[in-house]
Amino acid sequence: MDITITNGMLTATINPKGAELNSLKDNSENEYMWEGDPAFWGKHSPVLFPIVGELRNNSYLFEGKTYAMTRHGFARDTIFAVKSQDESNAVFSLSASDDTKRLYPFDFELELAYTLHEKTLRIDYTVTNNGSGDMPFSLGAHPAFAMPGNFKDYSLVFENDEQPVSTQLENNLLSDKTITLPVENRVLPLTYDLFKNDALILKSHTSNSIEIAKNGTPFLKVAFPDFPHLGIWTMENAPFLCIEPWKGYADTHDASGNLIEKEAITILPAGQSFKAGFSIIILR
15 MDITITNGML TATINPKGAE LNSLKDNSEN EYMWEGDPAF WGKHSPVLFP IVGELRNNSY
75 LFEGKTYAMT RHGFARDTIF AVKSQDESNA VFSLSASDDT KRLYPFDFEL ELAYTLHEKT
135 LRIDYTVTNN GSGDMPFSLG AHPAFAMPGN FKDYSLVFEN DEQPVSTQLE NNLLSDKTIT
195 LPVENRVLPL TYDLFKNDAL ILKSHTSNSI EIAKNGTPFL KVAFPDFPHL GIWTMENAPF
255 LCIEPWKGYA DTHDASGNLI EKEAITILPA GQSFKAGFSI IILR
């Protein structure tokens, strides 16, 4: 059963499968999340753990053993426990099990807390290493925002005046090719042509937030100061856009396959926790 939280200004609905945000509405019933039409893409806002993106050969090595892992990891397809809930907050938890250890041999807990405050939905992640050795992982968000009407009416507004560089994907892995995004005065006009080679992958950026604007007027902001990497993605003719705060990204074509050596991997010591979060802010 979906979990709903509200504060009178916003209402959020989260599915315990994947602890996935399915809906975010204001008090005028305006829906900000993509509806998940499978004709385009049947998800809303999957949680990416313990990898982000795709692994070379859909597998990795750890301590001499090969493990299979599909794109973005298993958390998005796994049922989370509801750890706590009140009117405007809900906390979900996923812990290691025999099933997860066949894919990822670590004693972890992944906790997601959804909290509403005024016109902001805050999403906080806590990754805990309950094992006795170092735990490598990546973590990411993949929220898809509804963008009905003419896609060219929309633009992105970066917090800082920067010229973001996107690393191009080839067969779902990072290549050595890059493009500089056509940002002028902090604004990136949106066209489907931008995504002809799949997602835009920013290995680095100086902005801690991006606004989505329609006809020049911003209506939603994603703030992600805890996440050093960013994905931006849509599909041809799809009425949505994903703004994806990441810590980690897909393998490169020449990746060794050793999870400890993976580019941009986070190594969490035994008994330690990693915390990060991002916010979705409604501007109208």
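Heads up, the working numbering is the position in the sequence shown plus 14, with the first residue counted as 1.
The C-beta atom is built at its ideal place from N, Cα and C for all residues, glycine as well.
Shown here, residue 127 sits in a strand according to DSSP, grouped into three states. In the DSSP annotation of this structure, the continuous segment of the beta strand (DSSP E) that includes residue 27 starts and ends at 24-29. Inclusion of residue 78 and residue 118 in the CB contact set at 9 Å is not warranted, their separation being larger than that value. Note on the region 164-242: whole beta strand (DSSP E) runs with a minimum of 3 residues are 168-172, 179-184, 187-194, 201-203, 214-216, 223-228, 231-237, in chain order.
Put simply, the region 81-95 touches the region 59-67. At least three CB pairs are less than 8 Å apart. Two segments are said to touch when three or more pairs of C-beta atoms, one from each, lie closer than 8 Å; by this definition the region 227-241 touches the region 254-270. Collapsing the DSSP output to three states places residue 70 in a helix. Around the beta-carbon of residue 174, fewer than 16 other beta-carbon atoms lie within 10 Å, marking it exposed.
Here the region 144-163 does not lie against the region 205-214, with fewer than 3 beta-carbon pairs under 8 Å apart. With a beta-carbon spacing of about 4 Å, residue 121 and residue 144 fall inside the 8 Å limit used to define contacts.
Counted as a single uninterrupted DSSP element, the stretch harbouring residue 92 is not any alpha helix (DSSP H), since DSSP gives it neither H nor E. Rounded to whole angstroms, the gap between the alpha carbons of residue 85 and residue 68 is 4 Å. Short of 6 Å from the beta carbon of residue 190, and not among the five residues preceding or following it, lies no beta carbon of its own chain.
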